[in-house]
Amino acid sequence: MTGPKIIFYILAAAIVVFSVLSVADRRILRAAIYLLFVLVAMAGLYYMMNFQFLAAVQLIIYAGGIVVLIIFSILLTSQINSKLDPPKLGNLLLGVITAIGGIAISAVTIVKYGFTPANQPAIEPTMRTIGHQLMDTSEYGYALPFEVIGILLLAALVGTIFIARKT
Amino acid sequence: MYDFAPLIDSINTWLNGHLSPLWAGIVSMVLLGVAILAFYAVLGLYLVYAERKICARMQNRLGPNRVGPGGLFQTIADLIKLLLKELIYIQNADALLFNIAPFIVIVASIMAIGSIPFAKGLQAVDLNIGVLYILAISSMGVIGVLIAGWASNNKYSVIGAMRSGAQVISYELSVGLALLCIITYAGSMQLSEIIKSQEDGWWLFKGHIPAVIAFVIYLIAGTAETNRGPFDLAEAESELTAGFHTEYSGIKFAFFFLAEYMNMFIIAALATTLFLGGWLPFHIYNFTFFNNLMDYIPPVIWFFTKTAFVIYVMMWFKWTFPRLRIDQLLALEWKYLLPISLLNLMVISFLTLMQWHF
Numbered sequence: 001m002t003g004p005k006i007i008f009y010i011l012a013a014a015i016v017v018f019s020v021l022s023v024a025d026r027r028i029l030r031a032a033i034y035l036l037f038v039l040v041a042m043a044g045l046y047y048m049m050n051f052q053f054l055a056a057v058q059l060i061i062y063a064g065g066i067v068v069l070i071i072f073s074i075l076l077t078s079q080i081n082s083k084l085d086p087p088k089l090g091n092l093l094l095g096v097i098t099a100i101g102g103i104a105i106s107a108v109t110i111v112k113y114g115f116t117p118a119n120q121p122a123i124e125p126t127m128r129t130i131g132h133q134l135m136d137t138s139e140y141g142y143a144l145p146f147e148v149i150g151i152l153l154l155a156a157l158v159g160t161i162f163i164a165r166k167t
Numbered sequence: 168m169y170d171f172a173p174l175i176d177s178i179n180t181w182l183n184g185h186l187s188p189l190w191a192g193i194v195s196m197v198l199l200g201v202a203i204l205a206f207y208a209v210l211g212l213y214l215v216y217a218e219r220k221i222c223a224r225m226q227n228r229l230g231p232n233r234v235g236p237g238g239l240f241q242t243i244a245d246l247i248k249l250l251l252k253e254l255i256y257i258q259n260a261d262a263l264l265f266n267i268a269p270f271i272v273i274v275a276s277i278m279a280i281g282s283i284p285f286a287k288g289l290q291a292v293d294l295n296i297g298v299l300y301i302l303a304i305s306s307m308g309v310i311g312v313l314i315a316g317w318a319s320n321n322k323y324s325v326i327g328a329m330r331s332g333a334q335v336i337s338y339e340l341s342v343g344l345a346l347l348c349i350i351t352y353a354g355s356m357q358l359s360e361i362i363k364s365q366e367d368g369w370w371l372f373k374g375h376i377p378a379v380i381a382f383v384i385y386l387i388a389g390t391a392e393t394n395r396g397p398f399d400l401a402e403a404e405s406e407l408t409a410g411f412h413t414e415y416s417g418i419k420f421a422f423f424f425l426a427e428y429m430n431m432f433i434i435a436a437l438a439t440t441l442f443l444g445g446w447l448p449f450h451i452y453n454f455t456f457f458n459n460l461m462d463y464i465p466p467v468i469w470f471f472t473k474t475a476f477v478i479y480v481m482m483w484f485k486w487t488f489p490r491l492r493i494d495q496l497l498a499l500e501w502k503y504l505l506p507i508s509l510l511n512l513m514v515i516s517f518l519t520l521m522q523w524h525f
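Line by line, the protein sequences are chains A and B. So in the working numbering, spot 26 of the first sequence is number 26, and the numbers just go up one at a time. So in the working numbering, spot 319 of the second sequence is number 486, and the numbers just go up one at a time.
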């Protein structure tokens, strides 16, 4: 066992355990914190693969943004001793079956695919190349998706303000 | 001169020569961890001491002066007192979240310290996204504050946590934009590269007026992000009985307290690295004798002097300005600082495109 492998298994185990806990726990803020741990462990995996930019963005957007938003809404709406109702048996069974089905489909696909290791040297994903790629208007550039997402977010923001404003 | 890289390399080769790669990795991690933890604790204690002395000076008092010469060991005595104090468990609190909240706060600030360059070669990790990494890690601290307030099951704590959260996530924008100005100038996010780009002059001086504006915005927003006065309404003692850490006692309270001071150190160290040339000595153009003289002072001393200066300014803020109201606080960020920093960033991008900076 080498060092990176040990760290990988620790992170992977953390992801599995905390993602199960985050759907199984009936105290809603705890579930949010387990989700936070899952996201941080994913950032650790990205960092191990040397995608430092992606790891930092994962931390800023998911852990620092979305989880904080979730926690904020929990703080505003729920009390410390409020618990979610235990799920109905039918819903529980259906959920478990769906989850197992999803795992089975992905596992079968991954095992059957037979990944071939690339023989080209890895590209260092620096901030500069990411920035150029994001603003590139040629064939494999991401300028159009970037703009489309921007417009989508703007529309969502305007919609939220319209719904939330006092009449 | 004063380059730490050969020393670190020799330790590394010695470890790798005597141990298997796995154990060499573990031993170097432990060494690094112990070094950073010791640094963290000692510096935290002396920042508290400095704050009390400076506060006393501003209020025309003496401050701590009984334990040790000039009260130097006062904060160590305080720490021992906090370590011996009973940890009070609250019956109706969420025990798990209540216990992990201080650790989230303190782990976030310890991880940020790992990538700060103290001198040439004296940096635990030199990521190519250094600035973004520090911003990302320090945005985790607010989660600890939020769940600490909620898990305490105390209305004052929840109000304090909400205020603190609203404040931190809104001022984070201004901090990020102010740092982005210097990133635009330097063309890199790697902290060592940013320092290298300042060898012919600090960005505060060669970045024209926009850099000065960015520095001032960064100082204001940075002070707000650490929940310090005049932005300390999240833990206003007189209204909220200390906000989110009301229910914490003993060493857990000490964790929050230490983390607050270390966050201040991180903000100051980042200001030093980006605006004030990091560990580079102060040079005056074409004044060779003076420049050579300055080169003899070790970079570690330069780094800590500049950081201490920025920390002093932040403490000066705290003890001379009255506390803001929540509406003033949010108006300051969203109506003034954010538009100014966006405009400033545009000016700086233009200057960089035209190559008008030195």
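Don't be surprised by glycine CBs; every beta carbon is placed ideally from N, CA and C.
What residue does the alpha helix (DSSP H) around TYR479 of chain B start on, and which one ends it? 466-487
Just mark VAL325 of chain B as buried or exposed, buried being the case when its beta carbon has 16 or more other beta carbons within 10 Å. buried
Relative to the alpha-carbon of VAL20 of chain A, which residue among A:ALA143, A:ALA99 and A:LEU144 has its alpha-carbon at the smallest distance? A:ALA99
Buried or exposed for PHE37 of chain A, going by 16 or more other Cβ atoms inside 10 Å? buried
Is there at least one Cβ from chain B nearer than 9 Å to VAL35 of chain A's Cβ? According to the sequence provided, residue 35 of chain A is Leu. The question's Val does not apply to it. Output row for LEU35 of chain A: interface = no.
Below 9 Å on C-beta distance, what does SER306 of chain B contact in chain A? LEU59, ILE60, ALA63, GLY64, GLY65 and VAL68
Does any residue of chain A bring its CB to less than 9 Å from the CB of TYR385 of chain B? no
To which residues does DSSP link LEU289 of chain B through a beta bridge? B:ALA286
I think ALA435 of chain B touches MET481 of chain B, with their Cβ atoms under 8 Å apart; what is that distance to the nearest whole Å? 7 Å
Residues within the stretch 347-362 of chain B neighbouring chain A, beta-carbon criterion of under 7 Å: MET356
State the start and end residues of the unbroken alpha helix (DSSP H) segment that holds PRO188 of chain B. 188-225
Looking only at its own chain, which residues have a Cβ that is under 8 Å from the Cβ of PHE240 of chain B, when we skip the five neighbours before and after it? VAL234
What residue range is occupied by the uninterrupted alpha helix (DSSP H) comprising VAL234 of chain B? No alpha helix (DSSP H) holds VAL234 of chain B; DSSP gives it neither H nor E.
Taking 9 Å as the CB-CB limit, is MET127 of chain A close to chain B? yes
Can you tell me which of the three DSSP states ILE296 of chain B falls into? coil
Just curious, the alpha helix (DSSP H) that SER508 of chain B is in, first and last residue? 505-520
What does a CB cutoff of less than 7 Å around ALA345 of chain B pick up in its chain, not counting 5 residues either side in sequence? ALA381, ILE384, TYR385, ALA388 and SER508
Range covered by the alpha helix (DSSP H) that runs through GLY343 of chain B: 322-353
I'd like the span of the alpha helix (DSSP H) that includes MET356 of chain B, first residue to last. No alpha helix (DSSP H) contains MET356 of chain B, which DSSP labels as neither H nor E.
Candidates B:PRO377, B:ASP261, B:LYS252 and B:LEU186, of which the one nearest ILE80 of chain A by Cα: B:ASP261
Would you kindly report the start and end of the unbroken alpha helix (DSSP H) that includes GLN79 of chain A? No alpha helix (DSSP H) holds GLN79 of chain A; DSSP gives it neither H nor E.
Using a Cβ-Cβ cut-off of 7 Å (strictly less than) and excluding sequence neighbours within five positions of PHE53 of chain A, which residues of its own chain qualify? PRO125, MET127 and ILE130
State yes or no: is the beta carbon of LEU108 of chain A nearer than 9 Å to at least one beta carbon in chain B? The identity of residue 108 of chain A in the sequence shown is Val, whereas the question assumes Leu. It does not: the Cβ of VAL108 of chain A has no partner Cβ on chain B nearer than 9 Å.
Suppose the cutoff is 6 Å on Cβ atoms and the five residues either side in sequence are ignored; what does the same chain contact list for TRP469 of chain B look like? TRP446 and PRO448
Under 9 Å between C-beta atoms, does GLN52 of chain A make it to chain B? yes
Do the stretch 301-317 of chain B and the stretch 60-72 of chain A touch if we need at least three Cβ pairs shorter than 8 Å? yes
Report the rounded CA-to-CA distance for ASP25 of chain A versus ALA31 of chain A, giving the unit in angstroms. 6 Å
For THR474 of chain B and GLY211 of chain B, the rounded distance between their alpha carbons: 14 Å
Between B:ALA353, B:LEU497 and B:LYS485, which lies nearest to ARG224 of chain B when the distance is taken from Cα to Cα? B:LYS485
Output, in chain order, the set of chain A residues within a Cβ distance shorter than 8 Å of ASP261 of chain B. ARG27, LEU29, ARG30 and ILE80
Just the Cα atoms here: how many angstroms apart are LEU199 of chain B and ILE280 of chain B? 12 Å
Taking 8 Å as the threshold, find out whether the stretch 414-430 of chain B comes into contact with the stretch 248-259 of chain B through three or more Cβ pairs. yes
Does the beta carbon of PHE8 of chain A sit closer than 9 Å to a beta carbon anywhere in chain B? no
For the alpha helix (DSSP H) containing ASP245 of chain B, name the first residue and the last one. 241-251
In chain B, which residues lie less than 8 Å from GLY3 of chain A when you measure between Cβ atoms? PRO188, LEU189, GLY192 and ILE193
Cβ contact (3+ pairs, closer than 8 Å) linking the stretch 360-380 of chain B and the stretch 333-341 of chain B: no
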